[in-house]
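Worksheet: one structure, shown below.
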Amino acid sequence: MATTLTPILTKFWDAPQSWTIDTYVDNEGYQALDKALAMKPEDLVAMTKDSGLRGRGGAGFPTGMKWSFLPPPDGGPRYLVVNADESEPGTCKDIPLMMAAPHFLIEGVAITSYAIGCHHAFIYLRGETVHVYRRLLRAVEEAYAAGHLGKNIHGSGFDLEVTVHAGAGAYICGEETALLDSLEGRRGQPRLKPPFPAVAGLYARPTVVNNVESIASVPPIVLHGQEWFGDMGTEKSKGFGIFSLSGHVTRPGQYEAPLGITLRELLDMAGGIRGGHRLKFWTPGGSSTPIFTDQHLDVPLDFESVAAAGSMLGTRALQIFDETVSVVRAVSRWIEFYAHESCGKCTPCREGTFWLKQIMVRLEHGKGTQEDIDKLVDICDNILGRSFCALGDGATSPVTSAVQYFREEFETGMHTPWWEAFPPERSVLFDASTAKETASV
Amino acid sequence: MTDTNYHRTDALTDADVRGAMEPTGPEDHVERDLDPAFHELTPLQPSSEPYTEQQLAQLNADSDAIIARYPVKRSALLPMLHLVQSIDGYVTGRGVTFCAEKLDLTDADVAGVATFYTQYKRHPNGEYTVGVCTNTLCAIMGGDLIFDAVSEHLGIGHDETTEDGKVTLERVECNAACDYAPVVMANWEFVDNQTPESAIRLVDDLRAGKEVKPTRGPNRVCTFKQVSRTLAGFPDGLADEGVGAGGPSLEGLKLAKEKGWHAPGSAGEVSEQDQAQASGAGANPQPGEEFSSADSDGSVPPAKEAE
Numbered sequence: 053m054a055t056t057l058t059p060i061l062t063k064f065w066d067a068p069q070s071w072t073i074d075t076y077v078d079n080e081g082y083q084a085l086d087k088a089l090a091m092k093p094e095d096l097v098a099m100t101k102d103s104g105l106r107g108r109g110g111a112g113f114p115t116g117m118k119w120s121f122l123p124p125p126d127g128g129p130r131y132l133v134v135n136a137d138e139s140e141p142g143t144c145k146d147i148p149l150m151m152a153a154p155h156f157l158i159e160g161v162a163i164t165s166y167a168i169g170c171h172h173a174f175i176y177l178r179g180e181t182v183h184v185y186r187r188l189l190r191a192v193e194e195a196y197a198a199g200h201l202g203k204n205i206h207g208s209g210f211d212l213e214v215t216v217h218a219g220a221g222a223y224i225c226g227e228e229t230a231l232l233d234s235l236e237g238r239r240g241q242p243r244l245k246p247p248f249p250a251v252a253g254l255y256a257r258p259t260v261v262n263n264v265e266s267i268a269s270v271p272p273i274v275l276h277g278q279e280w281f282g283d284m285g286t287e288k289s290k291g292f293g294i295f296s297l298s299g300h301v302t303r304p305g306q307y308e309a310p311l312g313i314t315l316r317e318l319l320d321m322a323g324g325i326r327g328g329h330r331l332k333f334w335t336p337g338g339s340s341t342p343i344f345t346d347q348h349l350d351v352p353l354d355f356e357s358v359a360a361a362g363s364m365l366g367t368r369a370l371q372i373f374d375e376t377v378s379v380v381r382a383v384s385r386w387i388e389f390y391a392h393e394s395c396g397k398c399t400p401c402r403e404g405t406f407w408l409k410q411i412m413v414r415l416e417h418g419k420g421t422q423e424d425i426d427k428l429v430d431i432c433d434n435i436l437g438r439s440f441c442a443l444g445d446g447a448t449s450p451v452t453s454a455v456q457y458f459r460e461e462f463e464t465g466m467h468t469p470w471w472e473a474f475p476p477e478r479s480v481l482f483d484a485s486t487a488k489e490t491a492s493v
Numbered sequence: 013m014t015d016t017n018y019h020r021t022d023a024l025t026d027a028d029v030r031g032a033m034e035p036t037g038p039e040d041h042v043e044r045d046l047d048p049a050f051h052e053l054t055p056l057q058p059s060s061e062p063y064t065e066q067q068l069a070q071l072n073a074d075s076d077a078i079i080a081r082y083p084v085k086r087s088a089l090l091p092m093l094h095l096v097q098s099i100d101g102y103v104t105g106r107g108v109t110f111c112a113e114k115l116d117l118t119d120a121d122v123a124g125v126a127t128f129y130t131q132y133k134r135h136p137n138g139e140y141t142v143g144v145c146t147n148t149l150c151a152i153m154g155g156d157l158i159f160d161a162v163s164e165h166l167g168i169g170h171d172e173t174t175e176d177g178k179v180t181l182e183r184v185e186c187n188a189a190c191d192y193a194p195v196v197m198a199n200w201e202f203v204d205n206q207t208p209e210s211a212i213r214l215v216d217d218l219r220a221g222k223e224v225k226p227t228r229g230p231n232r233v234c235t236f237k238q239v240s241r242t243l244a245g246f247p248d249g250l251a252d253e254g255v256g257a258g259g260p261s262l263e264g265l266k267l268a269k270e271k272g273w274h275a276p277g278s279a280g281e282v283s284e285q286d287q288a289q290a291s292g293a294g295a296n297p298q299p300g301e302e303f304s305s306a307d308s309d310g311s312v313p314p315a316k317e318a319e
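Protein chains in written order, with the working numbering: chain P, 53 to 493; chain X, 13 to 319.
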């Protein structure tokens, strides 16, 4: 049976002034908070665990389990930090969610804070999206005024303060421990784990760090029950998620669907690959997830199936590239990004991304050498699993997967610049409006 | 067309390519040095002119408000650096010293942080930062052509400012708007689905002092200093301007409405208790059936009854 879309977090994004508390309340807003405050915190943790909700920020770690890792209360503060530093290339779900419906996140923050015993929560938003910051600040202000935040929330005796913090431009701050360092006013560099943030996080206190969409999914789960959530998705990847289609697709955009939907289904909904073209390669979950090709159209987009097919579900950031695109060009640009964003703390990532970039530049110019492909793979071997954090691992994904599926294009890079083999004018979208016809995939 | 049109020419000079081919001699690095005033690794600029008393009073009051948001005051550093930029237009030496004194840090601590993040500028920034996304997806969808066109039109490269001080051009990394590619950011407001022509119009309008309305943002693009103040956490009252979502953000929702698709149970929900009560009343909702809260009298959760 064909999968259908399930607008939940995206349900009223088309409402006039969708971001206001009034619109949210008209759409069941803050009912879940009432329900949650009538429950025991430990029951909320159990409920979230039982729902099967897994982190929506890429790693897919069970959200409720993360909460349950906090040590027993010792009388000191415990923190919730929301990772709103969305910057993984291709990922574009949290930013529109916070712009259109920020109260999902605010209510989720209130419920989660209550569940884990936190009285001061932080939302760390990337600084390069100022209108989203305005919307979040406003939403928090509205929530305080309505008694959903602040002292004695809904008469429950529970107090919660929320601070929305703007970063200043650094991809690495999406890594949870780098984010914590940044929030503490330092350079955003990852910490050695353990200790994990659950034990020693913000200000060395027990801390839960969750992605925006994970936290925003909490109110619907609390309101409608874990069975409702578990009815969507697959056995081990339960629930819904926002799938972001971008690139050479007829109608790029946000498609909220149960986990386990396939790219074939999503492309069908999005009008297919742009007219007259065909799918060449795509990322299932951002640039840090190994690329897929047209062989993978029917891979169910859930954590297990994508992993079994050799990639990662990541953030469901489906960047679609058609046959006009040079794989060498795409990979080289991603590598340039990782080299630029490597924080420099650990040697494999700092030096490895630098050298990957040098070799990719040669290949772009058609000046690669016979040894370059092996050298790329070898450098990747020395980065993967040897870096401080996932940035280094992520940098190897596009390289090794592209070599696996498109080795011949790297070989072409030994004599021909990519722009001769793949004239870039053919890839641009400026004339896309004249080519709406749906291609079969 | 030459290959240079498709490359980050300022980041990727012939010397880089040669360096990549023969990564041995230090002379390659000498050749890389650009105008020190504009190079992205330029150290922070010192400044001898102190803040006026009025500026200092305002800075102190604002910083106190920022510090009060956090349990540990060092957390105020990032917003305070945004605040410095809201007055100085970039991170000045005096701004660094102010932050250091305020937070009991050394100048080196503060400078170390300020030089880590790309939004903190090391030299006077234009009134408007125009950032063209040239990460892979946007670059391929047209971002590279847009950057080159705007760069040629303005006669400046990455992280350089027009002589009139109006526009600083940047290449930016993925800004979480891939479904609107190619994307240009104007002082960190979204200007979506750009072309070389529209982006040139954008910078011309900004330079001419015309009001420019972002695609998803307030009614007009604010100045760099104004936006820096907002980023320091001081609301500017513009949150209610602009759209909630642009077209691509709504594609899935639009299709779901056309097809009549919705989440299981849809609006009013079917908690276990609700289901038990509904079953008791002989009304078994089928999975996927529309089941609005209006239909479920008597099954309202207790918490809601309390309202």
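Every residue, glycine too, gets a C-beta built ideally from N, C-alpha and C.
{"Item": "Any chance you could list the beta strand (DSSP E) runs of at least 3 consecutive residues sitting entirely within the stretch 255 to 307 of chain P, in chain order?", "Value": "259 to 263, 292 to 299"}
{"Item": "For residue 82 of chain X and residue 88 of chain X, I'd like the C-alpha separation in whole angstroms.", "Value": "7 Å"}
{"Item": "Based on the DSSP secondary-structure assignment, which residues constitute the bridge partners of residue 212 of chain X?", "Value": "The partner list for residue 212 of chain X (beta bridge, DSSP) is empty, contrary to what the question assumes."}
{"Item": "Based on the DSSP secondary-structure assignment, which residues constitute the bridge partners of residue 334 of chain P?", "Value": "P:344, P:372"}
{"Item": "I'd like the ranges of any alpha helix (DSSP H) spanning at least 4 consecutive residues and lying wholly in the stretch 94 to 173 of chain X.", "Value": "105 to 115, 119 to 126, 156 to 166"}
{"Item": "Can you list, in chain order, the residues of the stretch 116 to 133 of chain X whose Cβ is nearer than 7 Å to any Cβ on chain P?", "Value": "124, 125, 128, 129, 130, 131, 132"}
{"Item": "If residue 147 of chain P and residue 80 of chain X are in contact, beta carbons under 8 Å, what's the gap, nearest whole angstrom?", "Value": "The pair is not a contact, with the Cβ atoms about 28 Å apart (cut-off 8 Å)."}
{"Item": "For a contact defined as C-beta to C-beta under 7 Å, what are the partners of residue 172 of chain P on chain X?", "Value": "83"}
{"Item": "Could you give the DSSP three-state label for residue 156 of chain P: helix, strand or coil?", "Value": "helix"}
{"Item": "Note down the Cα distance separating residue 162 of chain P from residue 210 of chain X, rounded to an integer number of angstroms.", "Value": "42 Å"}
{"Item": "Spell out whether any CB of chain P is found under 8 Å from the CB atom of residue 239 of chain X.", "Value": "yes"}
{"Item": "Flag residue 329 of chain P as yes if its beta-carbon sits less than 8 Å from any beta-carbon of chain X, otherwise no.", "Value": "no"}
{"Item": "With a cut-off of 8 Å, do at least 3 Cβ pairs link the stretch 180 to 198 of chain P to the stretch 150 to 160 of chain P?", "Value": "yes"}
{"Item": "Quick one: what's got a C-beta closer than 8 Å to residue 107 of chain P's C-beta in the same chain, skipping five residues either side?", "Value": "113, 114, 115, 118, 262, 263, 266"}
{"Item": "Tell me, please, whether the stretch 384 to 398 of chain P touches the stretch 145 to 155 of chain X by the rule of three or more beta-carbon pairs shorter than 8 Å.", "Value": "yes"}
{"Item": "Taking C-alpha atoms, which residue in X:86, X:93, X:151, X:186 lies nearest to residue 145 of chain P?", "Value": "X:186"}
{"Item": "What is the C-beta distance between residue 445 of chain P and residue 265 of chain X, in whole angstroms, given that I count them as a contact (C-beta under 8 Å)?", "Value": "With 8 Å as the limit, residue 445 of chain P and residue 265 of chain X do not qualify as a contact, their Cβ atoms being about 34 Å apart."}
{"Item": "Would residue 422 of chain P count as contacting chain X if we go by Cβ distances under 8 Å?", "Value": "no"}
{"Item": "Cβ of residue 126 of chain P less than 8 Å from any chain X Cβ?", "Value": "no"}
{"Item": "Do three or more CB pairs link the stretch 366 to 374 of chain P to the stretch 295 to 315 of chain P at distances below 8 Å?", "Value": "yes"}
{"Item": "Rounded C-beta distance between residue 155 of chain X and residue 194 of chain X? I'm assuming under 8 Å.", "Value": "4 Å"}
{"Item": "Using a C-beta to C-beta distance shorter than 7 Å, which residues of chain P count as neighbours of residue 250 of chain X?", "Value": "186"}
{"Item": "In this structure, how does DSSP classify residue 197 of chain X when only helix, strand and coil are distinguished?", "Value": "strand"}
{"Item": "Mind checking residue 139 of chain P: buried by the 16 CB within 10 Å criterion, or exposed?", "Value": "buried"}
{"Item": "Does the distance from the C-beta atom of residue 414 of chain P to that of residue 424 of chain P stay below 8 Å?", "Value": "yes"}
{"Item": "Quick one, which of P:345, P:223, P:256, P:227 has its alpha-carbon nearest residue 391 of chain P's?", "Value": "P:223"}
{"Item": "Give every residue of the same chain whose Cβ lies closer than 6 Å to the Cβ of residue 241 of chain X, excluding the five residues on either side of it in the sequence, and list them in chain order.", "Value": "98"}
{"Item": "Where does residue 136 of chain P fall in DSSP's three states?", "Value": "strand"}
{"Item": "Does residue 297 of chain P come within less than 8 Å of chain X when only Cβ atoms are used?", "Value": "yes"}
{"Item": "Name the residue from P:416, P:422, P:89, P:429 whose alpha carbon lies nearest to the alpha carbon of residue 474 of chain P.", "Value": "P:416"}
{"Item": "Should residue 231 of chain X go down as buried or exposed, given a rule of 16 or more other Cβ atoms within 10 Å for buried?", "Value": "exposed"}
{"Item": "Ordered along the chain, which non-local residues of its own chain (more than five positions away) have a Cβ less than 7 Å from that of residue 115 of chain X?", "Value": "85, 86, 88, 89"}
{"Item": "Check whether the Cβ of residue 188 of chain X lies closer than 8 Å to any Cβ atom in chain P.", "Value": "yes"}
{"Item": "Can we say the stretch 102 to 122 of chain X touches the stretch 61 to 69 of chain X, given the rule of at least three CB pairs closer than 8 Å?", "Value": "yes"}
{"Item": "Go ahead and label residue 249 of chain P buried or exposed: buried means 16 or more other beta carbons lie within 10 angstroms of its beta carbon, across all protein chains shown.", "Value": "buried"}
{"Item": "On the criterion of 16 or more Cβ atoms from any shown chain inside 10 Å, does residue 437 of chain P qualify as buried, or is it exposed?", "Value": "exposed"}
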